[in-house]
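Sequence order for the protein chains is Y and P.
Count along the first sequence from 1, then add 1162; that gives the number in the numbering used here.
Count along the second sequence from 1, then add 1; that gives the number in the numbering used here.
Working notes, beginning with the structure itself.
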Amino acid sequence: DGGITQSPKYLFRKEGQNVTLSCEQNLNHDAMYWYRQDPGQGLRLIYYSQIVNDFQKGDIAEGYSVSREKKESFPLTVTSAQKNPTAFYLCASSGQGGRNVLTFGAGSRLTVL
Amino acid sequence: AQSVAQPEDQVNVAEGNPLTVKCTYSVSGNPYLFWYVQYPNRGLQFLLKYITGDNLVKGSYGFEAEFNKSQTSFHLKKPSALVSDSALYFCAVRAANQAGTALIFGKGTTLSVSS
C-alpha cells in the first residue's frame, strides 16, 4: 500500500541533543512538508520541499534543519538550538500543483526530558 | 499573507443533530480550500476540498462544505452527527496563484458529539 511512514513514533531527548525524525513516502510525490502541532496552535509549517535538493523555510524554521537527497525521503533534524522542541511532528507529501491533497504520516511525538 | 481562522475551539452537538464547524480565510486571489480530520495521536485525514465550480462540495463520511466567496468562508457541515465524528477538524487554504506554497492550516476545532 502507498503511504507515508514516520519514525520513530515516540522519541525522548535530553536537552542539548540533536535528534532526527524520519519521513519516507512511496507515493511518488514531488512535494514534502514538515509541520509541528502544539495543543491549541494548530499546524505550523517548519520546512517544505517541492523537488529533490531544494527546500524552503516555513514559519517556524529556526532550530530545525532538513535535507532532500532522495524523492522518497525528507528527514527533519531538531537541533539543540530549538528552544521548545517538545511537540507532535507531522510529515506530509503531495503531487505538484496547488490543487493536490496532502497525505499525512501518523506523526512522531518528541519529548525533551 | 494567507491565513485561516476557525473561530470556535470546540463545538458540542447531540447525536442525530446537524453540525457546523466554521472556517474563514484570507488569501490574495482565488482560494483552494481543504478540510481535514484528526483522531487522537494520529495524522490528518483528508475530508474534502474546494477548487472551483459548485459552491457545495461533498466529501467523505457524509460531510459537506459550502464555499461562500463574499463572506470568505468554507464551513463544514453534516446533516446528522454521529458519536464517531468526534475528533479535531482543521480547515486549510492555499492561494490558487501560489501553487508552489504549502497549505496554511487553522488552529483546529474539536467536535464533540454526545449520545
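Built from N, CA and C at the ideal position, the CB exists for glycine as well.
Open item on the list: At 3 residues or longer, what runs of the beta strand (DSSP E) sit wholly inside the segment 60-98 of chain P?
Closed with: The segment 60-98 of chain P contains these whole beta strand (DSSP E) runs: 65-69, 74-79 and 88-96.
Open item on the list: Under 9 Å, Cβ to Cβ, is there at least one residue of chain Y near ALA88(P)?
Closed with: As a working mapping, residue 88(P) is identified with position 87 in the second sequence. It does not; no Cβ of chain Y falls within 9 Å.
Open item on the list: So, at 7 Å on beta carbons, what are the nonlocal neighbours of LYS70(P) in its own chain, with the 5 sequence-adjacent residues on each side left out?
Closed with: Against the second sequence, residue 70(P) aligns to sequence position 69. Excluding residues within five positions, none has a Cβ falling inside 7 Å.
- [ ] Look up ARG43(P) in the DSSP assignment and say whether it is helix, strand or coil.
- [x] As a position in the second sequence, residue 43(P) is number 42, starting the count at 1. ARG43(P) falls in the coil class under three-state DSSP.
Task: LYS1219(Y) burial status per 10 Å Cβ neighbour count (16 or more: buried) - done: Start at 1 with the first residue of the first sequence, and residue 1219(Y) comes out as number 57. That one is exposed.
TODO: Work out the CA separation of SER1255(Y) and MET1194(Y) for me, nearest whole Å.
DONE: Taking the first residue of the first sequence as 1, we reach residue 1194(Y) at position 32. Taking the first residue of the first sequence as 1, we reach residue 1255(Y) at position 93. Their Cα atoms are separated by approximately 4 Å.
TODO: Count the C-beta pairs between the segment 9-17 of chain P and the segment 1184-1198 of chain Y that are closer than 8 Å, then say yes if the count reaches three, no if not.
DONE: Flag = no, the segment 9-17 of chain P and the segment 1184-1198 of chain Y do not touch.
- [ ] Since I believe ALA82(P) is in contact with GLY17(P) (beta carbons under 8 Å), could you give me their beta-carbon distance rounded to a whole number of angstroms?
- [x] For the purposes of this step, residue 17(P) is identified with residue 16 of the second sequence, where counting begins at 1. For the purposes of this step, residue 82(P) is identified with residue 81 of the second sequence, where counting begins at 1. Confirmed, Cβ separation roughly 7 Å.
TODO: Mark TYR40(P) as exposed unless 16 or more other C-beta atoms lie within 10 angstroms of its C-beta, in which case mark it buried.
DONE: By one-based count along the second sequence, residue 40(P) stands at place 39. Per the 10 Å Cβ criterion, exposed.
TODO: Measure the CB-CB distance between SER61(P) and LYS23(P) and report whether it falls below 9 Å.
DONE: Mapped onto the second sequence, residue 61(P) falls at position 60. Mapped onto the second sequence, residue 23(P) falls at position 22. Taking 9 Å as the Cβ cut-off, SER61(P) and LYS23(P) do not qualify as a contacting pair.
Open item on the list: Taking contact to mean 3 or more Cβ pairs, one atom from each stretch, closer than 8 Å, check whether the segment 46-61 of chain P and the segment 1236-1252 of chain Y are in contact.
Closed with: no
Task: Minimum C-alpha distance to ILE1208(Y) - residue among VAL1263(Y), VAL1181(Y) and THR1239(Y) - done: What you label residue 1208(Y) is simply residue 46 of the first sequence in a count that begins at 1. If we check each option's Cα against that of ILE1208(Y), THR1239(Y) comes out closest.
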